[in-house]
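Novice:
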Amino acid sequence: MNATTTSASNISGKSAGDSLRFYGVWLVGIATLIVLPMIFSSGGSLTSFSLIGIAIVFALSYNILLGQTGLLSFGHAVHYGLGGFAACHVMNAVVSHGWPVPLPFIPLFGGLGGLAFAMIIGWVMTKRAGTVFSMISLGIAELVASSSLILRSVFGGESGISTDRTALPKMFGWTFGPQIQVYYLIAFWLVISAIAMYALTRTPLGRISNAVRDNPERVQFIGYDPHVVRYIAFCFAGFFAGVAGGLAAINFEIANAAYLGAIQSGLVLFSTFIGGVAFFFGPILGAILVTYLQLGLTSVTGVWQLYFGIIFIGIVMLSPGGIAGLIMMHRPLARAGTLQTVIPSYVVAAVPTLALACGVILTIESIARTHSGQSSPINLFGVAFTPASPMTWASAAILIVVGFFVARLSWRRVADAWDRAATIARDRGYLA
Amino acid sequence: MTAAIELNAVEKRFGNVGIIRDLNLSVAQGERHAIIGPNGAGKSTTFNLISGHIRPSSGEVRLNGDVISGLRPFEINRRGLSRSFQVTNVFSRMSVWENVRCAVLWATGHRYAFWKNVDSLPEVRERTSQILDDIHLTHRRDVPAGLLTYAEQRELEIGITIAGGANVVLLDEPTAGMSHAETDRAVALIRRLTEGKTLVIVEHDMSVVFGLADRISVLVYGHIIASGTPEEIRRDPKVKEAYLGEEAH
Chain A
2 MNATTTSASN
12 ISGKSAGDSL
22 RFYGVWLVGI
32 ATLIVLPMIF
42 SSGGSLTSFS
52 LIGIAIVFAL
62 SYNILLGQTG
72 LLSFGHAVHY
82 GLGGFAACHV
92 MNAVVSHGWP
102 VPLPFIPLFG
112 GLGGLAFAMI
122 IGWVMTKRAG
132 TVFSMISLGI
142 AELVASSSLI
152 LRSVFGGESG
162 ISTDRTALPK
172 MFGWTFGPQI
182 QVYYLIAFWL
192 VISAIAMYAL
202 TRTPLGRISN
212 AVRDNPERVQ
222 FIGYDPHVVR
232 YIAFCFAGFF
242 AGVAGGLAAI
252 NFEIANAAYL
262 GAIQSGLVLF
272 STFIGGVAFF
282 FGPILGAILV
292 TYLQLGLTSV
302 TGVWQLYFGI
312 IFIGIVMLSP
322 GGIAGLIMMH
332 RPLARAGTLQ
342 TVIPSYVVAA
352 VPTLALACGV
362 ILTIESIART
372 HSGQSSPINL
382 FGVAFTPASP
392 MTWASAAILI
402 VVGFFVARLS
412 WRRVADAWDR
422 AATIARDRGY
432 LA
Chain B
21 MTAAIELNAV
31 EKRFGNVGII
41 RDLNLSVAQG
51 ERHAIIGPNG
61 AGKSTTFNLI
71 SGHIRPSSGE
81 VRLNGDVISG
91 LRPFEINRRG
101 LSRSFQVTNV
111 FSRMSVWENV
121 RCAVLWATGH
131 RYAFWKNVDS
141 LPEVRERTSQ
151 ILDDIHLTHR
161 RDVPAGLLTY
171 AEQRELEIGI
181 TIAGGANVVL
191 LDEPTAGMSH
201 AETDRAVALI
211 RRLTEGKTLV
221 IVEHDMSVVF
231 GLADRISVLV
241 YGHIIASGTP
251 EEIRRDPKVK
261 EAYLGEEAH
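Residue numbers (the numbering used here), protein chains in the order written: chain A, 2 to 433; chain B, 21 to 269.
#1: Taking only beta carbons into account, state which residues of the region 139 to 168 of chain B come closer than 7 angstroms to chain A, listed in chain order.
#2: Relative to chain A, which residues along the region 177 to 191 of chain B have a C-beta separation below 7 angstroms, given in chain order?
#3: To which residues of the same chain is T214(B) closer than 6 angstroms at the C-beta, ignoring the five residues directly before and after it?
#4: Could you name the residues of the region 28 to 44 of chain B whose beta carbon sits closer than 9 angstroms to any beta carbon of chain A, in the order they occur along the chain?
#5: Could you spell out the range, first to last residue, of the beta strand (DSSP E) harbouring I245(B)?
#6: Measure from the C-beta of I25(B) to each C-beta in chain A and report whether the shortest distance is under 8 angstroms.
#7: If we define contact as Cβ-Cβ less than 8 angstroms, is D256(B) a contact residue for chain A?
#8: Please give the ranges of any beta strand (DSSP E) in the region 140 to 216 of chain B, keeping only runs that are unbroken, at least 3 residues long and fully inside the region.
#9: Spatial neighbours of D215(A) within its chain, please: CB distance less than 8 angstroms, with the 5 preceding and 5 following residues excluded, ordered by chain position.
#10: With a 10 Å radius around its C-beta and 16 neighbouring C-beta atoms as the bar for buried, classify A288(A) as buried or exposed.
#11: Contact criterion: CB-CB distance below 8 angstroms. Does R15(B) meet it with respect to chain A?
#12: DSSP on N44(B), reduced to helix/strand/coil?
#13: Just tell me which of P257(B), D234(B) and H224(B) has its CA closest to the CA of G57(B).
#14: In chain order, what residues of the same chain have a beta carbon less than 6 angstroms from the beta carbon of S78(B), not counting five sequence neighbours either side?
#15: Using a Cβ cut-off of 8 angstroms (strictly closer), state whether A123(B) contacts chain A.
#16: Mind checking who R203(A) pairs with in its DSSP beta bridge?
#17: Based on DSSP bridge pairs, tell me the residues matched to L239(B).
#18: How far does the alpha helix (DSSP H) with G174(A) in it reach, from first residue to last?
#19: With distances taken between CB atoms, is the gap from P108(A) to V244(A) smaller than 8 angstroms?
#20: Within a Cβ cutoff of 6 angstroms, which residues of the same chain sit near E26(B), ignoring the five residues on either side of it in sequence?
#21: To the nearest angstrom, how far is the alpha carbon of M2(A) from that of V317(A)?
#22: Of the residues G60(B), D86(B), R103(B) and T195(B), which one's Cα is nearest the Cα of P93(B)?
#23: So, does the CB of F134(B) fall closer than 8 angstroms to a CB anywhere in chain A?
#24: Are the beta-carbon atoms belonging to L400(A) and G360(A) less than 8 angstroms from one another?
#25: Where does N11(A) sit, in a helix, a strand or coil, going by DSSP?
#26: Would you mind reading off the limits of the beta strand (DSSP E) that contains S42(A)?
#27: Keeping to the same chain, check which residues put their C-beta closer than 6 angstroms to that of T292(A); ignore five residues upstream and five downstream.
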């Protein structure tokens, strides 16, 4: 499978067309960030975009560990949270001492907070990779999370540390009171961080990180200490997680224990994995999707975490490469010009798959709503179902059973179409 | 002249089991030295001891006169010793190009640099493409190493081993599992790439050993029973009895 390679060697300026496409992608991304709030200017969408921006920085920082260096951390939110607290403390200090530090510089202090902790704890943590690293990360996360409730002067106890972003010195006349200004601040740091983290993958350290991920033993025989490589990568991940935490502190004007807790650590792992760890843009897609779902699902269902779980299991089992892996799987076909032979089978398969999903949703919602004593109707594509009524159960059963069998058939068709397309692509030399 | 590699009374015990017993070996600068011996004699263990993969229980290993036993593998590698592995040991998810380039980076002094663009380091690029040329894998440069054929992976293994420019090269069964034609190609490759370097090779194929080596050491039960030129080894009665027996004749 070609899609599992992280190598971006094709970006190394092989042809003018390639580098044009490369810079084009970045420019389109930046342009999107600028234009987005002009198209969707409601307060709700501005808040969503801000959260998504923060989540992207956080997920990209996590992928320095997971995708680039092969370190599965269960406590990445520690750096995010400490970055958030550092940012809040610095903001309050700036205000009380009257230092001339405008708000846009604050995320840097968040980053330094995340970095400082990574530098202190990282040397011990990165001594070993694999399960040992994961377990220690879990332990450290618990340790910091529980400390945050005990050390009240630093973490502010249950209520956290609050701050006022508008009290800082102004820059270009911006007060950063309105959400739109905060959005642009986040977008600015998102662009800077994304470029920096991408550039990191193109350095000697970034390449050796991949080598350490693939084969830490062999790395030692080409002159590198895998421990040092893991440590430096860990520090970078801590820094950018801290930047994300600093942005969150600015956005919410508060940092509290929830920032560095297990749920936050779980969410970033979830976003990164769903997006796809093998490609740089994977975590970006994952962060967008997960944040969007989180915001969207919480308003329509009380059991949104259950859906997250189902999505996660589905991705892990059906597409370990995540969304990015799925997209990149199609690249050789697109190049060979056989992609359009596969699309119709997707469209056909989508119908029963959607029916199956609707059946599952009806079942889950019926059970959840009857057990929590709610009787609000389940609204599915404009059709209202009464929870746990015979009609609902019957519809759910039909959707699931028929959907499942038809979906199975139609996905087999997809596999056949895919095989044919891939064979042609292979003949034309676009697929190994 | 100091020996390139010298093992003095090296022992390796796992628990109570002595795998390597009183091992003494000296490889001169520029020599091609083959270590042969029956399965389980401790050939790969000897390589692991020299390259720092495992530490000797007692005794010392010297590289160009300096004691290296007890150093970590990367420290030994930085002193100019490189090794390949019997079981292919490459960076399987990275492309052939990236595999070789990673092996070039330390030697060209870029180390842990996170402020340089790896694609714009001319000496790295030149050396990498030179090595790819040498191992005849230029046409496969963008293929993930895990997707190469077995023989290609073995060639890549040799490429990674020599990429850092080490002066002492240890090759652990470089032709294992290869066809006759592939073996001939690999031997020619090894001969060319280790020109002017010290080579220590573990090999089962006797035609490779006698064709390539200046000197041969015979390892039996963790102990060297004979060491000499191919001619001496061929005539040595102890070797005939213990190992070569029918195989050489």
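Beta carbons: idealized from backbone N, C-alpha and C, even for Gly.
Specialist: Looking at the coordinates:
#1: Within the region 139 to 168 of chain B, the residues whose Cβ lies closer than 7 angstroms to some Cβ of chain A are D139, D162, V163, P164 and L167, listed in chain order.
#2: Correct list: I180 and G184.
#3: Closer than 6 angstroms at Cβ, skipping near neighbours: V189.
#4: Flagged: no residues at all.
#5: First-last of the beta strand (DSSP E) with I245(B): H243 to G248.
#6: No, I25(B) does not count as interfacial toward chain A.
#7: Closer than 8 angstroms: no.
#8: Correct list: 188 to 192.
#9: Cβ neighbours of D215(A) within its own chain (closer than 8 angstroms, five residues either side excluded): G71.
#10: By the 10 Å Cβ count, A288(A) comes out buried.
#11: Since the displayed chain B opens at 21 and closes at 269, residue 15(B) lies outside it and no answer follows.
#12: In the three-state DSSP reduction, N44(B) falls in the strand class (E or B).
#13: Nearest option by C-alpha distance: H224(B).
#14: The answer, listed in chain order, is E31.
#15: A123(B) counts as touching chain A.
#16: DSSP output for R203(A) lists no bridge partner at all.
#17: The secondary-structure analysis by DSSP pairs L239(B) across a beta bridge with I244(B).
#18: Segment: none, G174(A) is in no alpha helix (DSSP H) and carries neither H nor E.
#19: Judged by beta-carbon spacing, V244(A) lies within the 8 angstroms limit of P108(A), meaning their Cβ atoms are closer than that value.
#20: For E26(B), the CB contacts under 6 angstroms within the same chain, skipping 5 residues up- and downstream, are S46 and R82 in chain order.
#21: Any answer about M2(A) is weak, because its pLDDT of 35 lies below 50 and its placement is not dependable; what the coordinates show is given next. Taking the straight line joining both Cα atoms gives about 16 angstroms.
#22: Per the C-alpha coordinates, the member of G60(B), D86(B), R103(B) and T195(B) positioned closest to P93(B) is R103(B).
#23: Cβ-Cβ to chain A under 8 angstroms: yes for F134(B).
#24: Judged by beta-carbon spacing, G360(A) lies within the 8 angstroms limit of L400(A), meaning their Cβ atoms are closer than that value.
#25: The predicted model places N11(A) with a pLDDT of 40, which falls under 50 and marks its position as unreliable; any figure quoted below should be read in that light. Of the three classes helix, strand and coil, the one that applies to N11(A) here is helix, per DSSP.
#26: For S42(A), there is no enclosing beta strand (DSSP E), as DSSP marks it with neither H nor E.
#27: Cβ within range, chain order: L52, I53 and A56.
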